[in-house]
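> Sending over a structure as structure tokens; questions will come in a sec.
Residue numbers (the numbering used here): 3 to 433.
See below:
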């Protein structure tokens with residue numbers, strides 16, 4: 003259990019009801035221990051059961067393939083200890099391997115909505131035996147436009163089955179899902195969507211636009227694990243290259259990179275090979291990495307929910323963390339409104355490069371100046387070399403993940419592996 007000897011609040015609250023088979027509505031911030039909360043209950047109820055080919059018994063839906071991968075990785079040791087098997091069904095990976103797994107009678111699927119629906123339409127998976135459905139990060143699935151697909155998937159599962167829905171927020175369309183698909187759910191609201199701000203320090207650095215690159219570099223060069231958020235894919239690769247050239251071990255992560263590159267980039271960040279990660283919003287909810295002590299909004303978000311989702315990469319599971327937003331004098335009023343709507347009490351500080359506050363508050367320092375060279379791997383899926391920092395593949399922003407392929411839910415049209423083409427009859431889903 004990730005080295006934890008005691009339950010986290012969301013686990014203590016939801017486990018008894020979930021194990022008893024009741025529908026559960028769990029409201030908890032990202033990083034609150036939800037995966038083990040729903041995973042342990044599901045495995046307890048499935049112990050000793052066997053599935054038929056193409057017909058799983060339990061389904062976990064996640065909005066992005068990164069989150070789906072991490073859920074599967076977290077649960078796999080527990081699955082194996084009970085003689086159960088789980089398979090990842092997500093975009094950006096070859097269809098063939100996933101279809102082969104489905105033919106081997108897998109009881110648990112961890113899936114993104116788009117790829118799962120593709121395989122349902124290809125008649126490679128049937129959900130009529132699914133008696134446990136878990137929706138993780140339901141609010142993000144709604145934000146990404148997956149609500150119609152999620153409803154279509156739920157309609158194909160056992161109507162009297164158990165459903166567990168976890169979300170940071172429980173309003174609007176998420177409420178529709180709850181009313182339609184959960185029966186007398188037990189509600190556990192352990193943390194609100196704003197609760198995590200209590201374990202974070204929030205700062206807004208008011209800077210001269212000409213100083214932005216230098217201050218960003220000093221923050222990235224600090225000791226400790228840091229995520230820097232930017233608006234576009236091109237911006238992520240450009241900043242990562244600048245940082246690497248100045249001596250910062252860094253990777254960049256966005257929806258334009260192949261799954262193989264993204265997996266290696268995350269592995270390097272988790273292992274400490276790189277201590278900085280430049281990312282678009284693809285990482286704001288889909289990446290769960292422990293020990294991130296600083297989040298930097300290099301490009302500030304416009305939506306308070308996006309602010310909180312990005313900030314949620316730090317101060318996870320009761321730990322503390324720091325969030326920094328860079329802005330200019332002209333944008334100061336806008337950022338003040340953003341933090342207020344996010345429920346954040348941020349300290350505004352005007353700084354220049356090498357200001358004492360940069361080091362005392364955040365550990366900012368000058369990088370070595372010796373260019374950092376990322377390890378080079380043969381990227382079979384893209385047919386080119388790749389590392390932590392490399393030229394951008396395209397300049398558009400990460401956008402909303404789709405169903406399968408290069409983005410976090412991935413769409414087949416962007417898949418770079420040996421994937422089947424999208425069926426012509428498949429209807430378009432919102433991006």
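The C-beta atom is built at its ideal place from N, Cα and C for all residues, glycine as well.
#1: Mark residue 368 as exposed unless 16 or more other C-beta atoms lie within 10 angstroms of its C-beta, in which case mark it buried.
#2: On the three-state DSSP scale, how would you describe residue 60?
#3: Shortest alpha-carbon distance to residue 173 belongs to which of 241, 29, 201?
#4: At which residues does the beta strand (DSSP E) containing residue 203 begin and terminate?
#5: Output the distance between the C-alpha atoms of residue 360 and residue 139, rounded to the nearest integer angstrom.
#6: Tell me which residues share the same chain as residue 317 and place their Cβ nearer than 6 Å to its Cβ, disregarding the 5 neighbours each side in the sequence.
#7: Is the distance from the Cβ of residue 374 to the Cβ of residue 251 below 8 Å?
#8: Roughly how many angstroms lie between the CA atoms of residue 270 and residue 37, to the nearest whole one?
#9: Is the beta carbon of residue 266 closer than 8 Å to that of residue 371?
#10: Assuming residue 122 and residue 88 make a contact with CB atoms under 8 Å, what is their CB distance in whole Å?
#11: DSSP three-state call for residue 91: helix, strand or coil?
#12: Measure the Cβ-Cβ separation of residue 232 and residue 304 and say whether it is below 8 Å.
#13: Check residue 407 in the structure and name its three-state DSSP category.
#14: Just to confirm the assignment, what range does the alpha helix (DSSP H) spanning residue 103 have?
#15: Could you please give me the residues that DSSP links to residue 352 through a beta bridge?
#16: Identify, in the order they occur along the chain, each residue of the same chain with its Cβ nearer than 6 Å to the Cβ of residue 191, setting aside the five sequence neighbours on each side.
#17: Taking DSSP's pairing of strands, which residues face residue 281 in a bridge?
#18: Whole-angstrom Cβ separation of residue 238 and residue 280, contact assumed at under 8 Å?
#19: Per DSSP, residue 29 forms a beta bridge with which residues?
#20: For residue 434, count neighbouring C-beta atoms within 10 Å of its own C-beta (all shown protein chains included) and say buried if the count is 16 or more, exposed if not.
#21: Roughly how many angstroms lie between the CA atoms of residue 405 and residue 91, to the nearest whole one?
#22: Does DSSP put residue 368 in a helix, in a strand, or in coil?
#23: Enumerate in chain order the residues of its own chain whose CB-to-CB distance from residue 156 is below 7 Å, with the five nearest sequence positions on each side excluded.
#24: Would you decide whether residue 22 is buried or exposed? Buried here means 16 or more other CB atoms lie within 10 Å of its CB.
#25: Taking the straight line between their C-alpha atoms, what separation do you get for residue 296 and residue 117?
#26: Does the CB of residue 348 have a neighbour CB from chain B at under 8 Å?
#27: In terms of DSSP beta bridges, what is residue 111 paired with?
#28: Mapping the DSSP letters down to three states, classify residue 236 as helix, strand or coil.
#29: For residue 163, which residues of its own chain have a beta-carbon under 7 Å away from its beta-carbon, when the five flanking residues on both sides are left out?
#30: Buried or exposed for residue 100, please, with buried defined as at least 16 other CB atoms from any protein chain shown within 10 angstroms of its CB.
#31: I'd like to know whether the C-beta atoms of residue 240 and residue 355 end up nearer to each other than 8 Å.
#32: Could you give the distance in angstroms between the alpha-carbon of residue 171 and the alpha-carbon of residue 143?
#33: According to DSSP, which residues form a beta bridge with residue 296?
#34: Can you look up residue 164 in the DSSP assignment and give me helix, strand or coil?
The relevant details are as follows:
#1: For the purposes of this step, residue 368 is identified with residue 366 of the chain shown, where counting begins at 1. Label assigned to residue 368: exposed.
#2: As a first step, residue 60 must be located in the chain shown, where it is residue number 58. Strand at residue 60.
#3: To locate residue 173, count along the chain shown from 1; it is residue 171. When only C-alpha atoms are compared, the closest one is 29.
#4: Taking the chain shown and counting its residues from 1, one reaches residue 203 at position 201. Run containing residue 203: 202-208, per the beta strand (DSSP E) assignment.
#5: Position 358 of the chain shown, counted from the first residue, corresponds to residue 360. Position 137 of the chain shown, counted from the first residue, corresponds to residue 139. C-alpha separation (whole angstroms): 34 Å.
#6: Taking the chain shown and counting its residues from 1, one reaches residue 317 at position 315. Excluding residues within five positions, the ones whose Cβ falls inside 6 Å are 198, 201, 202, 323.
#7: Stepping through the chain shown from its first residue, residue 374 is reached at position 372. Stepping through the chain shown from its first residue, residue 251 is reached at position 249. Yes, these two residues count as a Cβ contact at 8 Å.
#8: Here residue 270 refers to the residue found at position 268 of the chain shown. Here residue 37 refers to the residue found at position 35 of the chain shown. Between residue 270 and residue 37, the C-alpha separation is close to 23 Å.
#9: Along the chain shown, one-based indexing puts residue 371 at 369. Along the chain shown, one-based indexing puts residue 266 at 264. Their beta carbons are not under 8 Å apart, which means residue 371 does not touch residue 266 by this criterion.
#10: Counted from its first residue, the chain shown places residue 122 at position 120. Counted from its first residue, the chain shown places residue 88 at position 86. In fact, because the Cβ distance is near 18 Å, the residues do not count as touching under 8 Å.
#11: Translated into positions along the chain shown, residue 91 becomes position 89. Strand at residue 91.
#12: One-based indexing of the chain shown puts residue 232 at position 230. One-based indexing of the chain shown puts residue 304 at position 302. No, these two residues do not count as a Cβ contact at 8 Å.
#13: As a first step, residue 407 must be located in the chain shown, where it is residue number 405. Note on residue 407: pLDDT 40, under 50, position unreliable in the model; no value is reported.
#14: To locate residue 103, count along the chain shown from 1; it is residue 101. Start and end: 97-104.
#15: Position 350 of the chain shown, counting from 1, holds the residue named residue 352. Residue 352 pairs with 208.
#16: For the purposes of this step, residue 191 is identified with residue 189 of the chain shown, where counting begins at 1. Answer for residue 191: 29, listed in chain order.
#17: Within the chain shown, the letter at position 279 stands for residue 281. Paired residues: 231, 255.
#18: What you label residue 238 is simply residue 236 of the chain shown in a count that begins at 1. What you label residue 280 is simply residue 278 of the chain shown in a count that begins at 1. 5 Å between Cβ atoms; contact.
#19: Here residue 29 corresponds to residue number 27 of the chain shown, with the count starting at 1. Per DSSP, 169, 191.
#20: Missing from the structure shown is residue 434; the chain here goes from 3 to 433 and no further.
#21: Counting from 1 along the chain shown, the entry for residue 405 is found at position 403. Counting from 1 along the chain shown, the entry for residue 91 is found at position 89. Any answer about residue 405 is weak, because its pLDDT of 39 lies below 50 and its placement is not dependable; what the coordinates show is given next. In a straight line, the C-alpha of residue 405 is about 11 Å away from that of residue 91.
#22: If you number the chain shown from 1, residue 368 lands on position 366. Looking at residue 368 - three-state DSSP - the assignment turns out to be coil, as it is neither helix nor strand.
#23: Start at 1 with the first residue of the chain shown, and residue 156 comes out as number 154. Contacts found: 135, 183.
#24: Locating residue 22 in the chain shown gives position 20, counting from the first residue. Exposed.
#25: Counting from 1 along the chain shown, the entry for residue 296 is found at position 294. Counting from 1 along the chain shown, the entry for residue 117 is found at position 115. Spanning the two alpha carbons is a distance of roughly 33 Å.
#26: Any reference to chain B falls outside this structure, which holds one protein chain only.
#27: Here residue 111 is taken as the residue at index 109 of the chain shown, counted from 1. Residue 111 is bridged to 61, 89.
#28: In the chain shown, the residue the question calls residue 236 occupies position 234. Helix, per DSSP.
#29: Looking up residue 163 in the chain shown gives position 161. Same-chain partners within the cutoff: 132, 133, 134, 135.
#30: Position 98 of the chain shown holds residue 100. Looking at its Cβ environment, which holds 16 or more other Cβ atoms inside 10 Å, residue 100 is buried.
#31: Mapped onto the chain shown, residue 240 falls at position 238. Mapped onto the chain shown, residue 355 falls at position 353. No. Outside cutoff.
#32: Walking along the chain shown from the start, residue 171 turns up at place 169. Walking along the chain shown from the start, residue 143 turns up at place 141. Roughly 12 Å between the two C-alpha positions.
#33: As a working note, residue 296 is residue 294 in the chain shown. Note: residue 296 sits in a beta bridge opposite 228, 324.
#34: Counting from 1 along the chain shown, the entry for residue 164 is found at position 162. Here residue 164 sits in strand by DSSP.
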